[in-house]
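Peer 1:
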Amino acid sequence: GAGVSQSPSNKVTEKGKDVELRCDPISGHTALYWYRQSLGQGLEFLIYFQGNSAPDKSGLPSDRFSAERTGGSVSTLTIQRTQQEDSAVYLCASSLDPGLAGGRQYFGPGTRLLVL
Amino acid sequence: RKEVEQDPGPFNVPEGATVAFNCTYSNSASQSFFWYRQDCRKEPKLLMSVYSSGNEDGRFTAQLNRASQYISLLIRDSKLSDSATYLCVVNSGYALNFGKGTSLLVTP
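Taken in order, these protein sequences are the chains called A and B. 113 is the number of the first residue of the first sequence in this note's numbering; add one for each residue after it. 29 is the number of the first residue of the second sequence in this note's numbering; add one for each residue after it.
1) Taking Phe126(B) as the query, report the chain A residues whose CB atoms sit under 9 Å from its CB, ordered along the chain.
2) Between Tyr202(A) and Arg134(A), is the Cβ-Cβ spacing less than 8 Å?
3) Who are the near neighbours of Asp105(B) in its chain, counting only those whose CB is closer than 7 Å to its CB and skipping five residues on each side?
4) So that I know if they touch, is there some Cβ in chain A lying closer than 8 Å to that of Leu133(B)?
5) Closest to Ser139(A) by CA distance: which of Ala179(A), Gly171(A), Arg193(A) and Gly163(A) is it?
6) Name, going along the chain, the residues of the stretch 73-89 of chain B whose beta-carbon falls closer than 9 Å to a beta-carbon of chain A.
7) Report all residues from its chain with a CB closer than 6 Å to the CB of Asp136(A); omit the five preceding and five following residues, and keep chain order.
8) Let's test the definition: count the other Cβ atoms within 10 Å of the Cβ of Arg181(A) and tell me whether it reaches 16, buried, or not, exposed.
9) Pairing CB atoms from the stretch 79-96 of chain B with CB atoms from the stretch 121-135 of chain B, are three or more of them under 8 Å?
10) Using C-beta distances below 6 Å, list every residue in its chain close to Asp198(A), excluding the 5 sequence neighbours before and after it, in chain order.
11) Name the chain B residues that come within less than 7 Å of Phe203(A), Cβ to Cβ?
12) Can you tell me the Cα-Cα spacing of Val41(B) and Asn83(B), whole angstroms?
13) Kindly list, in the order they appear in chain A, the residues whose Cβ is closer than 9 Å to that of Gly4(B).
14) Checking the sheet assignment: what are the DSSP bridge partners for Thr190(A)?
15) Can you check which of these residues, Ile99(B), Tyr122(B), Asp85(B) and Ala90(B), is closest to Gly171(A) by C-alpha distance?
16) Counting contacts by CB-CB distance shorter than 8 Å, is Ala143(A) in contact with chain B?
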């Protein structure tokens, strides 16, 4: 079956430009997550969506980062005025129903972002 | 202090060896525990969940000690294909908290 898909797979941009990353979760998964993995670092939680709402945006590193989800499905992560430190792999994951204990999360292949 | 801590390794072991990874977590309210595997330049994939009673999946055995806030993964009869980074993951709500991972290289 189709897994989580992300686009683009790679993105090279110049410092100061805006970028938009897209995530298509597994059909029927109500929960969607964005993580960031910098070189040599662990995964860093950014934001969580339950349906279209984001109860927790505390992981977003700055106000240059925003995310939305429409129709309980596709999500976009937008980074405005990109900086070199934004270079990382941005991973999206989805799960059926996290509850309080969290359900199994399925990860997409990630978008590799390089800010020059 | 990071919420999930792991020995980064690398662990270099010969084929057939038994290798153990350890992990500690700081949030005593954590409710779910997992080991994920991440191959180079790939996304993390769930290897196994970890239960208090301990659980086994083929050559892999996971243990959880809630009192010590300690999680382990044992790999028996290691294969070349086991070479990867193993991520200790703890859930205290909806988001997963990942350790930085332990790198394993199994050599012929």
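Ideal Cβ positions, reconstructed from N, Cα and C, are used throughout, including at glycine. All values reported here derive from a predicted model rather than from experimental measurement.
Peer 2: Considering the structure as presented:
1) Tyr147, Gln149, Gly154, Leu155, Glu156 and Phe157
2) no
3) So the qualifying residues of the chain are Gly44 and Arg87.
4) Leu133(B) does not count as touching chain A.
5) Gly163(A) is the residue among Ala179(A), Gly171(A), Arg193(A) and Gly163(A) whose C-alpha sits nearest the C-alpha of Ser139(A).
6) Lys73, Leu74 and Ser77
7) Ser117 and Val186
8) buried
9) no
10) Ile191 and Val227
11) As written in the sequence, residue 203(A) is Leu, which differs from the Phe given in the question. Chain B residues near Leu203(A): Glu71.
12) Each residue's Cα considered, the two are about 23 Å apart.
13) Here chain B has residues from 29 to 136 only, and residue 4(B) is not among them.
14) Glu132(A) and Ser178(A)
15) Cα-wise, what sits closest to Gly171(A) is Tyr122(B).
16) Yes - at least one Cβ of chain B is within 8 Å of the one on Ala143(A).
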